[in-house]
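Asker: Taken in sequence, the protein lines are chains A and B. First residue of the first sequence: 738, per my numbering; consecutive thereafter. First residue of the second sequence: 12, per my numbering; consecutive thereafter. For every residue, glycine included, the Cβ atom is placed at its ideal position computed from N, Cα and C.
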Amino acid sequence: MVEFADENIVKEYITAKIDNQLFGFDISEILDVFVPQSITRVPLARPEISGVLNLRGRIVTVIDMYCLLDIKRNVQRTNKIAVGISHKSALYGLLIDEIGEVVKLKKSDIESIPDTLDEKWRSVSSSVVQLSGNLLVILNIAKIFDIIMVQNAA
Amino acid sequence: MDELIAEFLEETNESLDVVDEQLVTFEKTPDDKEILGNIFRLVHTIKGTCGFLGLSRLEKVAHAGENLIGKFRDGAIVTAQAVTIVLQGLDRIKYIVAEIQKTGKEPEGNDNELIDTINTMAKKSLLPGQEADVPTEKKTKKTSKKKQEKEQGNETVKKTETTIVEDDEEQSQDISLEELERIWNETEVDEQIVNKNVNVKGNELQDKEQIETPSSEQKEKPPVNFVQESQQKIQEEISRQNDEAKAKPEPQRATAESIGMQQTIRVNVATLENLMNTVSELVLTRNQLQDMVRKEQDTIFKAPVQRLSNVTADLQENIMKTRMQPIGNAWQKLPRIVRDLSRELNKKVNLQMNGSETELDRQVLEMIRDPLTHMVRNSVDHGLETTQMRKDLGKSETGQIVLSAYHQGGYIIIELSDDGKGLDLGRIKQKCLELELIKPDELEKMTEKQIATLIFRPGFSTAEKVTNVSGRGVGMDVVRNNIELIGGIIDLSTQKGEGSKFTIKIPLTLAIVSALIVGVKGEHFAIPQLSVVELVRVNENTNSYIEKINHAPVLRLRDKLLPLLHLKDLLVLNNDEKDIHSQTSEKSSAMTEESVNKRKNIDVVNTETEINKNDFIVVMHVGDKVFGIVVDHVFDTEEIVVKPVANILRNISIYSGITILGSGTVIMILDPNGISQAFGENNSNTENYAEKASDQNQRAVLTNSMLLFYKDRKKRMPMAVPLELITRLEEIKTENIEYSVDRAVVKYRGKLMPLIFLSNDDDMKAGIINVLVFTRGEFSVGFVVSEIIDIIDENLNIEMHAEENGILGTAIFLGNATEVLDVGYYLNKDFSKWFLSTERDLNSYKNVLGSLLLVDDSSFFLNMLTPVLKAAGYDVVTAKSGEEALHIIETYQEFDLVITDIEMPNMNGFELTEKLRKIPKYREKSIFALTGDYTSESIQRGHQSGFDNYIAKFDREGLLELLKIFFTENKAA
């Protein structure tokens with residue numbers, strides 16, 4: 738569950754679309770949103786790691802959210818966008834389809850993850866929110882890295 | 012912790028290291044008053060500072076130590092026992108310092124027992140001509156006034172007092188020392204120095220400095236000057252100096268400045284690291300800018316970018332310098348360790364350390380400190396025999412351990428050699444089998460060198476029993492791991508009964524490395540240059556063999572079979588079938604990069620392939636493995652800034668980092684160790700086969716490998732030459748050939764290489780030609796041939812001797828009559844200098860023109876000059892210092908001539924000459940000086956000091972000429 742110190746405190750989330758599904762990131766964790774260019778492939782890396790790129794002189798490791806969330810690519814995406822985050826002092830870019838608007842949520846909006854949610858999704862998200870008919874799955878960045886590291890070790 | 016205490020601890024640790032080292036030197040050369048003076052000063056400084064900081068326990072120990080050392084300084088005889096006691100005292104100081112560092116205060120307990128021992132020793136150490144003394148009692152009292160508390164200390168001090176005061180005669184010395192102290196403290200210069208110090212070092216240190224400085228700075232002179240003097244003279248000397256000091260404060264101050272006050276500041280390491288990172292970023296940005304500018308013609312940015320580039324390079328270099336520390340820092344503790352070990356193990360050991368001023372990155376330094384210590388311990392423990400054994404073997408009783416460091420092309424080379432028993436390969440084998448580190452059948456296939464490297468396997472130990480020193484199973488594998496962790500490699504060679512030598516090669520810095528950029532399947536990767544031995548080009552016109560053993564490709568390179576792996580397979584870039592087929596022989600070329608570790612094999616490349624035309628094979632040497640990685644392209648070498656890979660990629664052992672190239676592209680850096688491992692997994696069978704086949708092949712080489720070739724394009728009759736004479740095969744474009752006077756030359760490895768045309772046909776003077784390169788020492792000659800046919804293993808059996816010059820005769824190879832080339836004829840005809848050296852080879856050193864001893868502290872220079880002199884026919888023995896030279900002359904042999912460097916530490920060329928002139932045999936011997944300082948004054952000085960001749964250091968030709976004249980005259984006389 739997302740930590741809210743108080744019932745009335747509002748937290749901001751940025752929404753992202755991956756294969757028409759809405760996902761949310763805690764806005765305080767997002768450093769940047771950028772269009773990734775010339776990604777260098779990293780052979781032998783796990784499939785969800787698209788590669789590495791140079792973002793203004795810094796090295797960013799790009800993670801393909803499609804792959805991570807086990808979503809089949811139906812359409813060839815043209816406009817890829819990446820959400821830049823930092824984890825343990827390294828920079829990462831999470832590849833998504835579209836960036837959406839920022840939503841403000843109160844603790845009361847947040848619901849726990851339904852059991853019916855895809856196993857893979859459950860493993861990287863912390864909660865869900867009903868947002869005007871759409872389900873917004875809030876992703877937990879720490880969990881994303883945990884799962885990749887676990888898979889790496891396997 | 013108190014900032015003052017923290018600083019004190021840091022300084023104390025530094026001082027202790029120095030003292031440790033010097034004490035051991037001192038034990039060996041007890042008459043070296045200078046060293047003793049230094050030691051005394053250091054301990055004294057520790058004591059003084061402790062007193063000020065209220066560290067009473069520490070102070071007492073330091074005081075007692077100082078007491079004893081003071082005795083030696085005043086001329087008492089230094090016994091090994093005494094040194095041991097002093098070292099014990101230092102150990103205690105270290106212990107207390109370490110405790111303070113941990114807890115912020117002195118540990119509980121007292122050191123009365125130790126102090127008693129030290130004092131007893133001090134009492135026993137009688138000065139010649141007087142009985143004993145009470146050294147610094149008064150000083151302690153003085154210092155104690157400065158302290159707030161001293162309850163715990165009082166008891167001990169009293170005890171010390173009573174022990175010492177018993178002797179009446181001691182009073183005289185007591186007075187003199189007190190006198191000394193008084194005079195020093197009263198000297199006007201004191202304040203000036205203190206003030207100076209304070210200005211430089213900053214206010215918060217003021218108090219400390221005031222105490223520290225008089226003792227450390229002012230005692231500088233007296234100890235050195237006094238010691239040999241009698242008591243009275245000391246007094247006179249003090250007052251004289253004192254007067255002098257009063258009379259001439261100016262020069263005094265100047266010396267003080269030059270002695271203790273370098274213009275330095277302490278900077279936090281983190282700050283430097285930060286700076287380094289920032290500069291790395293700057294370098295990247297600079298590279299990108301340069302790349303952009305390169306693409307644009309005529310841009311106004313060209314000049315500023317160029318300027319930026321220069322400034323960045325400067326900045327980078329300077330920042331790197333701040334990170335550099337002399338390797339001696341990592342060595343400081345070694346003399347002490349060796350000394351203690353040698354006592355413990357009852358071996359006489361002499362540790363010689365060369366090149367301790369060689370600098371390397373502090374990060375690297377930290378990483379090699381422990382491995383080095385471990386290796387030195389090993390050398391003493393396993394490497395050297397006991398004194399008795401050495402005697403029985405007829406070796407000198409004292410075992411030599413030589414540790415040297417020097418720079419070589421962006422790397423630092425550290426060598427550790429001993430003259431002990433060498434590695435016992437039989438025992439290693441046996442042990443490996445016992446410990447089940449290796450399977451018997453694997454072992455059988457191994458060469459001696461490979462067996463020796465088994466000591467790097469985890470869990471290996473041959474020590475007969477577990478001693479304090481070694482044999483605990485934490486061994487060379489840890490050493491190797493540590494060294495490989497910093498991108499270094501370790502190698503060893505050993506000779507039974509003569510000793511072993513370990514060679515460590517590590518990059519100067521970890522942050523920026525030189526890398527080879529390769530491409531495969533459109534992707535680029537960087538391979539650190541350190542592990543790249545050479546590049547072999549595979550192309551259509553090569554006379555070469557890529558063979559298949561057990562379906563895996565191997566490269567036949569200079570009669571060794573190297574396992575091959577395509578990078579795209581290694582990285583699983585696609586699963587295409589490897590299309591490597593055997594094929595008939597074609598021509599070969601070797602685009603090779605000379606590696607440092609020369610194998611004795613002949614550099615002839617025989618690859619046969621159609622992998623992909625124009626593929627490259629990157630031959631890599633990692634640990635004890637040599638293998639080839641096939642890549643599609645080789646682009647460039649580039650200085651790259653190594654960045655760590657993200658956490659989630661660290662599990663892939665094949666990458667060691669990431670970098671951004673000048674073009675802005677991000678590429679992965681391949682980890683040679685990772686590749687080597689992956690190789691083993693993918694390819695272990697091949698490797699074994701390859702090794703086995705390679706062994707067989709080497710045996711075959713012993714029979715006789717002949718290189719068959721056509722001398723012209725008409726291909727009438729093949730010719731043959733023994734392969735072992737050939738150093739290398741090259742392809743050269745005829746347009747690169749230049750004709751000077753009557754001789755054809757080509758630029759080859761930065762030098763001009765003369766070419767000999769075996770055929771007069773004009774069609775050989777166009778297009779691409781093959782050249783057989785023969786090298787002896789510094790000198791290479793190329794034989795131009797039209798086509799290389801094959802290499803065959805067959806006994807050379809000349810059936811028909813030739814009338815024609817240049818042909819030894821005719822033999823049958825592959826069923827064809829083949830002319831055997833008489834290399835000597837051409838060389839003799841065209842290059843007399845060459846012939847001299849080949850003739851010498853043939854006569855196996857019978858006609859030595861003369862013997863000479865070459866003395867120079869730079870091993871680089873020795874290595875450079877020795878082969879030249881040997882090739883010119885002289886018997887050369889080298890010495891790395893004046894001391895060594897004297898030793899050699901005294902113990903081994905007489906030389907016709909001594910050539911010595913002038914600028915050498917400890918004993919310079921002038922001093923050596925003077926010493927030599929005192930040896931009867933050398934009174935009339937010729938001594939030549941070598942120097943970089945070739946001015947008329949120094950030449951004059953050289954002649955005055957007894958040099959017979961004076962040669963500029965890098966004038967090789969001049970030297971050879973002079974030697975020729977000298978030995979001709981000498982013979983005539």
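Strictly by DSSP, which residues pair up with Lys762 of chain B?
Answerer: According to DSSP, which records beta bridges pairwise, Lys762 of chain B is partnered with B:Tyr759.
Asker: Here's the rule I'm using: 16 or more other beta-carbon atoms within 10 Å means buried, otherwise exposed. How should Pro784 of chain A be labelled?
Answerer: When all chains shown are included, Pro784 of chain A counts as exposed.
Asker: Of the residues B:Phe794, B:Asn960 and B:Thr296, which one's Cα is nearest the Cα of Arg754 of chain B?
Answerer: B:Phe794
Asker: Look up Met400 of chain B in the DSSP assignment and say whether it is helix, strand or coil.
Answerer: helix
Asker: Suppose contacts are defined by Cβ-Cβ distances below 8 Å. Is Gly794 of chain A in contact with Glu292 of chain B by that definition?
Answerer: yes
Asker: Of all the options B:Ile412, B:Thr514 and B:Asn816, which has the alpha carbon lying nearest to the alpha carbon of Gln419 of chain B?
Answerer: B:Thr514
Asker: Do Ile348 of chain B and Leu286 of chain B come within 8 Å of each other at the CB atom, strictly closer than that value?
Answerer: With respect to Ile348 of chain B, Leu286 of chain B sits apart: the two C-beta atoms are not nearer than 8 Å.
Asker: Are the C-beta atoms of Thr853 of chain A and some chain B residue less than 8 Å apart?
Answerer: no
Asker: Just to confirm before moving on: does the CB-CB distance between Ile16 of chain B and Ile104 of chain B stay below 8 Å?
Answerer: no
Asker: Within the present structure, is the beta-carbon of Val35 of chain B separated from the nearest heavy atom of the ligand PLP by less than 7 Å?
Answerer: With respect to small molecules bound, the structure shown includes none, and the ligand PLP cannot be examined in it.
Asker: If you check the beta carbons only, do Asn357 of chain B and Thr397 of chain B fall under 8 Å apart?
Answerer: yes
Asker: Checking the sheet assignment: what are the DSSP bridge partners for Val316 of chain B?
Answerer: BP columns for Val316 of chain B are empty, so no partner.
Asker: Report the neighbours of Glu292 of chain B on chain A: residues whose CB is nearer than 9 Å to its CB, in chain order.
Answerer: Gly794 and Arg795
Asker: Determine, for Met679 of chain B, whether the minimum Cβ-Cβ distance to residues of chain A falls below 8 Å.
Answerer: yes
Asker: Going by the DSSP bridge assignment, what does Gln336 of chain B pair with across the sheet?
Answerer: B:Leu371
Asker: Between the C-alpha atoms of Ile962 of chain B and Thr333 of chain B, what's the straight-line distance to the nearest angstrom?
Answerer: 36 Å
Asker: In the DSSP assignment, find the unbroken alpha helix (DSSP H) run with Leu454 of chain B in it and report its ends.
Answerer: Pro451 to Lys456
Asker: What number of angstroms, rounded off, separates the C-alpha of Glu925 of chain B from the C-alpha of Asp351 of chain B?
Answerer: Each residue's alpha carbon lies about 36 Å from the other.
Asker: With burial defined as no fewer than 16 other Cβ atoms inside 10 Å of the residue's Cβ, what is the status of Pro931 of chain B: buried or exposed?
Answerer: Label assigned to Pro931 of chain B: exposed.
Asker: If you draw a straight line from the alpha carbon of Lys880 of chain A to that of Lys817 of chain A, how long is it in whole angstroms?
Answerer: 23 Å
Asker: Beta-carbon of Thr676 of chain B versus every beta-carbon of chain A: anything under 8 Å?
Answerer: yes
Asker: Measure from the alpha carbon of Asp626 of chain B to the alpha carbon of each residue in B:Gln299, B:Asn78 and B:Val531, then state which is nearest.
Answerer: B:Val531
Asker: Rounded to the nearest angstrom, what separates Leu503 of chain B and Ile379 of chain B at their Cα positions?
Answerer: 16 Å
Asker: If you measure beta-carbon to beta-carbon, which residues of the region 292-309 of chain B are closer than 9 Å to chain A?
Answerer: Glu292, Leu295, Thr296 and Gln299
Asker: Does the beta-carbon distance from Leu864 of chain B to Gly884 of chain B come in below 8 Å?
Answerer: no
Asker: Using only CA atoms, which one of A:Ser860, A:Leu828, A:Met886 and A:Ile885 lies nearest to Val874 of chain A?
Answerer: A:Ser860
Asker: Quick one: which chain A residues come within Cβ less than 9 Å of Ala657 of chain B?
Answerer: Ile786, Val789, Ile796, Val797, Thr798, His824, Lys825, Ala827, Leu828 and Tyr829
Asker: Starting from the C-beta of Thr829 of chain B, find all residues in its chain whose C-beta is less than 6 Å away, skip the five residues before and the five after it, and write them out in chain order.
Answerer: Pro729, Ala731 and Ala822
Asker: Considering only DSSP beta bridges, list what Asn683 of chain A is partnered with.
Answerer: Because chain A in this structure spans residues 738 to 891, residue 683 of chain A falls outside the shown range and cannot be described.
Asker: One question on the structure: do Leu64 of chain B and Ile50 of chain B come within less than 8 Å of each other, judged by their Cβ atoms?
Answerer: no
Asker: Can you name, in chain order, every residue of its own chain whose Cβ lies under 8 Å from the Cβ of Asn889 of chain A, other than the five neighbours on each side?
Answerer: So the list reads Arg783, once near-sequence residues are dropped.
Asker: Alpha carbons only, please: which of B:Leu660, B:Leu908, B:His74 and B:Glu328 is nearest the one belonging to Ile57 of chain B?
Answerer: Minimum Cα distance to Ile57 of chain B is reached at B:His74.
Asker: How about Leu768 of chain A and Met802 of chain A: are their beta carbons less than 8 Å apart?
Answerer: no
Asker: Skipping 5 residues on each side, what residues in its chain have a beta carbon closer than 7 Å to that of Asp959 of chain B?
Answerer: Result list for Asp959 of chain B: Ser937, Ile938 and Phe939, in chain order.
Asker: Report the neighbours of Met802 of chain A on chain B: residues whose CB is nearer than 9 Å to its CB, in chain order.
Answerer: Simply none; closest approach about 14 Å.
Asker: To the nearest angstrom, report how far apart Gly11 of chain B and Gly668 of chain B are at their CA atoms.
Answerer: Any answer about residue 11 of chain B is impossible in this case: the structure gives chain B only from 12 up to 984.
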